[in-house]
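Numbering (my numbering), first residue to last: 68 to 239.
In this text, a Cβ means the ideal position worked out from N, Cα and C, and glycines have one as well.
See structure below.
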């Protein structure tokens, strides 16, 4: 019976079984209410690099008209895709740089470290990151220090709910 008493403790402090099953529900609901989630949002689905770039652009550069045609040097970014202009804007601002083959891999799942690169660069933390180890250690360290990785620090690849939590952490 001692085990039962200890197992009930988290629920006595406001956590419900529903919250335990649906982590980041509050964050997802908030981002949905301000229309920042991808149209195809599914909590456990992989967050693509392109969709994350668009989400960040919508948050940070919301005043920019991203419907204008922008150009990109990424050979794998299809003109007219849902995130073409967002990635092109981030490329133009040197937030995203792609890989050595001039590719962005927009359909690939984004890793926590690459999501942190984008988030921390748009937030202006790149000089701080550089003094703390650069890529990837400096981004992971700075993400933890700033609270961006709160509750997702053990993720390696982001699903949509974890990406939503990172963006929520950026805002608050």
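Quick check on residue i: does DSSP put it in helix, strand or coil?
i	result
residue 180	helix
residue 109	coil
residue 100	helix
residue 143	coil
residue 226	strand
residue 163	coil
residue 221	coil
residue 188	helix
residue 236	helix
residue 135	coil
residue 94	helix
residue 69	A caution first: residue 69 carries a pLDDT of 42, below 50, which makes its placement in the model unreliable, though a value can still be read off. Helix, per DSSP.
residue 168	coil
residue 209	helix
Just to confirm, are residue i and residue j a CB contact at a threshold of 7 Å?
i	j	result
residue 171	residue 154	yes
residue 183	residue 206	yes
residue 112	residue 224	no
residue 160	residue 186	no
residue 122	residue 177	no
residue 118	residue 179	no
residue 103	residue 125	yes
residue 91	residue 232	yes
residue 163	residue 189	no
On the DSSP letters alone, give me the boundaries of the alpha helix (DSSP H) that residue i sits inside.
i	result
residue 202	Where residue 202 is concerned, there is no enclosing alpha helix (DSSP H), given that its DSSP letter is neither H nor E.
residue 158	151–159
residue 198	193–198
residue 118	116–127
Ordered along the chain, which non-local residues of its own chain (more than five positions away) have a Cβ less than 6 Å from that of residue i?
i	result
residue 212	none
residue 158	139
residue 210	183 and 216
residue 105	118
Below 7 Å CB to CB, which residues in the same chain sit around residue i once its five sequence neighbours on both sides are set aside?
i	result
residue 235	94, 97 and 98
residue 108	227
residue 150	117, 118, 120, 121 and 173
Tell me which same chain residues have a C-beta within less than 8 Å of the C-beta of residue i, skipping the five on either side of it?
i	result
residue 135	152
residue 143	170, 171, 172 and 173
residue 200	208
residue 156	124, 128, 131, 133 and 137
Are there any heavy atoms of the ligand MN lying less than 6 Å away from the beta-carbon of residue i, as far as the coordinates show?
i	result
residue 219	You won't find the ligand MN in this model; it holds no ligand whatsoever.
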